[in-house]
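Protein chains: 2
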Amino acid sequence: MKTVYVNAAFFTMNKKNQIFENGMMIVENQSIVYIGQHDPNKLIDIDQVVDLGGKWVLPGLVNTHSHVVMTLLRGSGDDMLLKPWLETKIWPMEKQFTTEIASTSAQLGILEMLKTGTTTFSDMFNPNGIDSDEVIHQISKTGIRGAFSQTIFSSETRMEQKANFKEAERFTKKYKMFAKGRLTTMVAPHSPYACNPETLIECVRIAEENDVGIHIHVSETEGEILEIENRYDVRPIEHLRQLGIFERPTVIAHGVFLNDEERAMLNQYGVRVAHNPISNLKLGSGIADIVSLLETGVKVGIATDSVASNNNFDMFEEIRTAALLQKGIYKDPTKFPVQLALSLATRIGAQAIGMEYTGSLEVNKKADFITINPYNKEHLQPISQAYSHLLYAARGNDVCDVYIDGKEVVKDGICLTIDEERVIAEANELKGTLSS
Amino acid sequence: MKTVYVNAAFFTMNKKNQIFENGMMIVENQSIVYIGQHDPNKLIDIDQVVDLGGKWVLPGLVNTHSHVVMTLLRGSGDDMLLKPWLETKIWPMEKQFTTEIASTSAQLGILEMLKTGTTTFSDMFNPNGIDSDEVIHQISKTGIRGAFSQTIFSSETRMEQKANFKEAERFTKKYKMFAKGRLTTMVAPHSPYACNPETLIECVRIAEENDVGIHIHVSETEGEILEIENRYDVRPIEHLRQLGIFERPTVIAHGVFLNDEERAMLNQYGVRVAHNPISNLKLGSGIADIVSLLETGVKVGIATDSVASNNNFDMFEEIRTAALLQKGIYKDPTKFPVQLALSLATRIGAQAIGMEYTGSLEVNKKADFITINPYNKEHLQPISQAYSHLLYAARGNDVCDVYIDGKEVVKDGICLTIDEERVIAEANELKGTLSS
């Protein structure tokens, strides 16, 4: 099956940030086989022609750190200090999670991701008390691409710890290449403060034996830095390095508090960073210095975190916030310009989570792309300034169609793979069963 | 004509932040005459019953500082330093503005404002080369409420200066009570750096004689502080105080750089601040300390500035950014909680621009309100956390219906007072005539 998409402006987000104003893209076997100027000679041998009516086409957005299973907790406890928020709101409710709640929550979150243009996500979920196989089965049916990783904590008893490792190992083996490679998994120790050294070393082993990466929260708050220094006499990055974490391909979520030495170390080990600007503000963590991180050479992706600390999955808002914050803290509007910002949410974000095969419209990449119809949207006028609008004016629900692996999952703003009405109804019903 | 609105959750944004879950609101002669619990006894003598189908109802949002006539410049020159941006992009294009461009630009901006829930705005526009009467006539037809003020600069020649004052005086007299009070105007000297003391004193005189307020940009950048100190040996706030500006009801836009003494002075004189968080970030100005300003007692409204430095008029995004930034800079998630943030965009914002008669759903206030239908929106689930979602998850185009003076101006997301298709087409055509 060979499909050609015509009559659109293709924002390739390749290294040169090329745009093909009246472009053409050909997709075969889930991959892009041609992208460029409109060329009638390429229309031979085509099974299907899709006229995109002058829309803008972008690679699908990449959300490099989320917790979709927590979507039902949106708005449960805002404006609270981290400790009482976790201890009196989030954890007590998470403990009540059933497989049904986790599945519905994940579908609700992915519904929002898909409809706002996210085609690839990298997620951590707490497997306690739920049937992970069922949850990932439901996620697979949505059509989204990504890595769905079980969070690993240190446990109070050795027996529990052993059981957790065993489950992590089983899950990793089973899902590292799932749904024809569309879904994968990483080993996800929660953080240097919630995992003891033994746990972290075991995580490295599981990651190594299964040839997968590591996804971990690091250097999110000043409190964390102090706690790790108190426990181990070194800061979190050095602590993880000593334990061998960085021997695996690693993506750290947050990295709000990093010094020059740490940035250099991350670059040396090829560690990537998932930057969560809104969550970092909302929880009062602070503002990460992404300009310095990029200047050091570290690959940075953009991420929403969970909607309990965001509170939506709108990646357009997230990229915009990332760009605005760097300009603000540097007092320099030339920092973090449009094309850089958009590349972190697409091509470079995909690289950051080890999925180089998506994130830009280039030959041999997966056909993961989104369309926007700007013609009837007053906030995207004048049309001629399209690139600017994509960063500074667009919002998630400007997205019209979404394709993953060349398959349409959202059409004219309606999700084709999730029953929207059912998921919303179930989510509200299940939320009613949780006591907070 | 007496209309009752039933079957809705009314977020009154009154001082107590009352919500009437299954509430009722009665509107007569453009004003609210009842708001509270559903009461069948109040249904006597009603001309029209409107069933809102369970939607959320909020007061219309108040944008306390904008430049709608610049809307056509959206996306023209991002990521640039302020000086080259103004000198090579904005000013050269503004000089080419005709009355037609100004009118279309204003309509495009107001179209976006209305559709995203802004019912009241306070605006500054550059009258050079355009017929201000025609522009305000077009604005009046949109149904929006607000203050539309001519920006006054110091001129190079005395003759030009005299003509400008004469025009400012004429405009102020004519429009201080226009469209049955729905539109008004203020005297708007651009800033302490673009107006010499003589100009500022003359502005005070015009404001005093016409009994209107003053709207002025102040303390936006560190460079401005230095420039005023160099010229006058005092910082901008003291400079304006000495010239008598604060004897008039005054709203200053920005106020990014204020010290304790200045905050106390603003409070003492009852000066209000229009806070533009996104514009201040995007232009690299910095982050205003709004928590301190509020603690001092100063009234603060939220504002977008022009879309050349924002780049949209989405007030939901603006309030959210305001709240997130204060939490981030204070590293404290309890700062700037939901209800405070929403009140600055509604009741307190209206007070900030001297329009206490709107901004909340209370008896005797103007019937300016908006509705949101959360039921089909995945990012507003679970429904039970409505207050949180209004600040942290909603976006402008979640707005369904908009009423001003009890008159419906947006219905189901379609603007009834502006021909959307025509304005968008004209805007693009006219943008094409500008050389940049």
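Chain order of the listed sequences is L and Y.
Quick note on full-length UniProt numbering: the first sequence kicks off at 1 and runs consecutively.
Quick note on full-length UniProt numbering: the second sequence kicks off at 1 and runs consecutively.
The beta-carbon is built from N, C-alpha and C at its ideal position, and this holds for glycine as well.
Here the structure is a predicted model, which means the values were calculated and not measured.
Cβ shell of residue i (< 6 Å), same chain only, five flanking positions each side left out
{"i": "residue 297 of chain L", "result": "267"}
{"i": "residue 438 of chain L", "result": "Nothing about residue 438 of chain L can be reported from this structure: the residues present for chain L run from 1 to 436 only."}
{"i": "residue 418 of chain Y", "result": "107, 111, 142"}
{"i": "residue 5 of chain L", "result": "25, 50, 52"}
8 Å contact criterion, which residue i and residue j should meet: CB distance rounded
{"i": "residue 353 of chain Y", "j": "residue 251 of chain Y", "result": "6 Å"}
{"i": "residue 152 of chain L", "j": "residue 188 of chain L", "result": "6 Å"}
{"i": "residue 382 of chain L", "j": "residue 63 of chain Y", "result": "Residue 382 of chain L to residue 63 of chain Y, Cβ: 21 Å. No contact."}
{"i": "residue 279 of chain L", "j": "residue 310 of chain L", "result": "6 Å"}
{"i": "residue 410 of chain Y", "j": "residue 423 of chain Y", "result": "Not really, about 14 Å apart at Cβ, beyond 8 Å."}
{"i": "residue 118 of chain L", "j": "residue 315 of chain L", "result": "5 Å"}
{"i": "residue 325 of chain Y", "j": "residue 277 of chain Y", "result": "6 Å"}
{"i": "residue 372 of chain L", "j": "residue 399 of chain L", "result": "6 Å"}
{"i": "residue 186 of chain L", "j": "residue 217 of chain L", "result": "Not a contact, Cβ separation roughly 13 Å."}
{"i": "residue 96 of chain Y", "j": "residue 406 of chain Y", "result": "That belief does not hold up - the Cβ atoms of residue 96 of chain Y and residue 406 of chain Y are roughly 40 Å apart, past 8 Å."}
{"i": "residue 413 of chain Y", "j": "residue 115 of chain Y", "result": "7 Å"}
{"i": "residue 32 of chain Y", "j": "residue 327 of chain Y", "result": "Contact flag wrong, Cβ pair sits at about 33 Å."}
Residue of the options minimising C-alpha distance to residue i
{"i": "residue 35 of chain Y", "options": "Y:45, Y:48, Y:14, Y:44", "result": "Y:14"}
{"i": "residue 304 of chain L", "options": "Y:314, Y:10, Y:392, Y:121", "result": "Y:392"}
{"i": "residue 259 of chain Y", "options": "Y:293, Y:179, Y:241", "result": "Y:293"}
{"i": "residue 435 of chain Y", "options": "L:413, L:108, L:384, L:157", "result": "L:384"}
{"i": "residue 46 of chain L", "options": "L:52, L:26, L:32, L:37", "result": "L:26"}
{"i": "residue 282 of chain Y", "options": "L:87, L:321, L:317, L:288", "result": "L:321"}
{"i": "residue 249 of chain L", "options": "L:262, L:228, L:229, L:212", "result": "L:212"}
{"i": "residue 306 of chain L", "options": "L:289, L:105, L:197, L:199", "result": "L:105"}
{"i": "residue 262 of chain Y", "options": "Y:239, Y:243, Y:275", "result": "Y:239"}
{"i": "residue 332 of chain L", "options": "Y:86, Y:79, Y:10", "result": "Y:79"}
{"i": "residue 390 of chain Y", "options": "Y:100, Y:425, Y:318", "result": "Y:318"}
{"i": "residue 396 of chain L", "options": "Y:377, Y:387, Y:414", "result": "Y:377"}
{"i": "residue 122 of chain L", "options": "L:302, L:32, L:37", "result": "L:302"}
{"i": "residue 375 of chain Y", "options": "L:379, L:335, L:366, L:426", "result": "L:426"}
{"i": "residue 84 of chain Y", "options": "L:334, L:220, L:330, L:22", "result": "L:334"}
{"i": "residue 290 of chain Y", "options": "Y:313, Y:336, Y:264", "result": "Y:336"}
{"i": "residue 44 of chain Y", "options": "Y:330, Y:154, Y:241, Y:3", "result": "Y:3"}
{"i": "residue 7 of chain Y", "options": "Y:364, Y:270, Y:21", "result": "Y:21"}
{"i": "residue 274 of chain L", "options": "L:288, L:257, L:253", "result": "L:253"}
{"i": "residue 257 of chain L", "options": "L:271, L:227, L:220, L:272", "result": "L:220"}
{"i": "residue 164 of chain L", "options": "L:132, L:144, L:66", "result": "L:132"}
{"i": "residue 394 of chain Y", "options": "Y:420, Y:367, Y:342, Y:431", "result": "Y:342"}
{"i": "residue 113 of chain L", "options": "L:126, L:100, L:65", "result": "L:65"}
{"i": "residue 272 of chain L", "options": "L:174, L:300, L:225", "result": "L:300"}
{"i": "residue 223 of chain L", "options": "L:82, L:68, L:98", "result": "L:82"}
Close-in-space but distant-in-sequence residues of the same chain around residue i (CB under 8 Å, 5 per side omitted)
{"i": "residue 90 of chain L", "result": "70, 73, 76, 77, 308"}
{"i": "residue 229 of chain Y", "result": "235"}
{"i": "residue 243 of chain Y", "result": "197, 200, 201, 204"}
Cross-strand partners of residue i (DSSP beta bridge)
{"i": "residue 183 of chain Y", "result": "Y:146, Y:178"}
{"i": "residue 24 of chain Y", "result": "Y:6, Y:36"}
{"i": "residue 509 of chain Y", "result": "The requested residue 509 of chain Y is not part of the displayed model; chain Y covers only 1 to 436."}
{"i": "residue 218 of chain Y", "result": "Y:254"}
{"i": "residue 213 of chain L", "result": "Its beta-bridge partners do not exist; DSSP assigns none."}
{"i": "residue 379 of chain Y", "result": "DSSP, once it has assigned bridges, lists no residue as partnering residue 379 of chain Y."}
{"i": "residue 401 of chain Y", "result": "Y:371"}
{"i": "residue 122 of chain L", "result": "L:147"}
{"i": "residue 366 of chain L", "result": "L:31"}
Beta-carbon proximity list for residue i, same chain, < 7 Å, skipping 5 on both sides
{"i": "residue 369 of chain Y", "result": "57, 58, 59, 60, 361, 403"}
{"i": "residue 103 of chain L", "result": "134, 135, 138"}
{"i": "residue 169 of chain L", "result": "206"}
{"i": "residue 39 of chain L", "result": "24"}
{"i": "residue 415 of chain Y", "result": "111, 114, 115, 409"}
If you measure beta-carbon to beta-carbon, which residues of the region 267-296 of chain Y are closer than 9 Å to chain L?
Taking a C-beta cut-off of 9 Å against chain L, the contacting residues of the region 267-296 of chain Y are 277, 278, 280, 281, 282, 283, 284, 285, 286, 287, listed in chain order.
Anything in the region 379-402 of chain L with a Cβ closer than 7 Å to a Cβ of chain Y? List those residues in chain order, please.
Against chain Y - using a Cβ distance shorter than 7 Å - the residues of the region 379-402 of chain L are 379, 381, 382, 383, 384, 385, 388, 389, 392, 393, 395, 397.
For the region 98-115 of chain L, list every residue whose C-beta sits within 8 Å of some C-beta in chain Y, in sequence order.
Within the region 98-115 of chain L, the residues whose Cβ lies closer than 8 Å to some Cβ of chain Y are 108, 111, 112, 115, listed in chain order.
Please identify, using Cβ separations under 8 Å, the residues of the region 2-14 of chain Y that lie next to chain L, in order along the chain.
Among the residues of the region 2-14 of chain Y, none has a Cβ less than 8 Å away from any Cβ of chain L.
Which residues, taken in chain order from the region 339-355 of chain Y, show a beta carbon closer than 8 Å to some beta carbon of chain L?
Answer in chain order: no residues at all.
At a CB distance below 9 Å, what residues from the region 19-34 of chain L approach chain C? Give them in sequence order.
Here the protein chains are L and Y, and chain C is not one of them.
Check each residue of the region 56-75 of chain Y: if its Cβ is closer than 7 Å to any Cβ of chain L, include it; give the result in chain order.
Those would be 72, 74, 75, in chain order.
Where the region 422-434 of chain L meets chain Y: residues whose CB sits under 7 Å from a CB there
Listed by position, the residues of the region 422-434 of chain L near chain Y (Cβ gap below 7 Å) are 424, 427, 428, 431.
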